[in-house]
Amino acid sequence: MFKLNGLVLVAALGLVTAMPHTAAAETKIYPYASSENYCPAGLQPVTINGVICCGQPNQRITYQSAMAHPVAKAKTHRVVRKHRPVRSSCPVGTKGCTFD
């Protein structure tokens, strides 16, 4: 009975100590591109899951470029057609009009 409790205790402590390491390894810290730095010395603006704060980035690209859609936008070309108005000749005193 005591051996089983000890084994369960050791397994639980092993899981508790391993969990923070796996959680910290999954967090991606991106640099935040800004012209001003209000962070303390040695730190820079970073983005963690979309939230801006101070820290040390562990990624090379910015959060904005990581979340950008990779597909280029389709370019549309507008065709300009010259519209020539219809000219009609309706002299005064004649019957009907002619279209040129």
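Using numbering that gives the first Met the number 0, read the sequence shown as starting at 0 and increasing by one per residue. Glycine included, every Cβ here is placed at the ideal spot set by N, Cα and C.
So, residue i versus residue j, is the Cβ gap smaller than 8 Å?
i   : j   : result
P30 : P69 : no
Among the residues of its own chain, which have a CB less than 7 Å from the CB of residue i, if the five just before and after it don't count?
i   : result
G54 : I28, L42 and V45
Can you list, in chain order, the residues of its chain whose CB lies under 8 Å from that of residue i, leaving out five sequence neighbours each side?
i   : result
Q58 : K27, I28, Y29, P30 and A65
T61 : Y29, P30, Y31, A32 and T46
N36 : Q43 and P44
Q63 : A32
Identify, in the order they occur along the chain, each residue of the same chain with its Cβ nearer than 6 Å to the Cβ of residue i, setting aside the five sequence neighbours on each side.
i   : result
S88 : T97
Can you pull the DSSP bridge partners for residue i?
i   : result
C53 : P44
I60 : Paired residues: none, contrary to the question.
E29 : Reading off the sequence, residue 29 comes out as Tyr, not Glu. Looking at the DSSP assignment, Y29 forms a beta bridge with T46.
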